[in-house]
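Trainee: In this note's numbering, the protein residues as written are 5 to 113. Using N, Cα and C, we set each Cβ at its ideal position, and we do this for glycine too. Quantities reported herein were computed from a predicted structural model and do not represent experimental measurements.
1. Just tell me which of 91, 32 and 45 has its CA closest to the CA of residue 53.
2. Quick check on the DSSP output: the alpha helix (DSSP H) that includes residue 64 runs from which residue to which?
3. When DSSP labels each residue in this structure, what does residue 6 get in the three-state scheme?
4. How about residue 21: is its C-beta nearer than 9 Å to some C-beta of chain D?
5. Count the other CB atoms within 10 Å of the CB of residue 70; is the residue buried (16 or more) or exposed (fewer)?
6. So residue 46 packs on residue 30, CB below 8 Å; how close in whole Å?
7. Which class does residue 15 belong to by DSSP, given the choice of helix, strand or coil?
8. Distance check for residue 26 and residue 9, CA to CA, integer angstroms please.
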């Protein structure tokens, strides 16, 4: 199951409040794929779809569609600040064998 860090949940709730969408949730979905595995996208959504998995953390709802749910198992949404900027990231989990970045995948990293 996908996890959410405390800081990510709080930042997401701040964004929802600023957008006038308190009580809404985040939607996480597969946005594309490369040799390094799936790429994920995030959006704001009011309700879960029929086949979504809904995760709650500190009052934040996260909707994950069935397609993304399995590949997100064991990963965590976090919120980070670096010299390059700040934002949400998805960390952790195992990469499928044979798809490690740095092994000939020019689009990774």
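Mentor: To lay it out plainly:
1. 32
2. Residue 64 -> not in any alpha helix (DSSP H); beta strand (DSSP E) instead, spanning 64 to 68.
3. coil
4. No chain D appears in the structure shown, which is made up of a single protein chain.
5. So residue 70 counts as exposed.
6. 6 Å
7. helix
8. 19 Å
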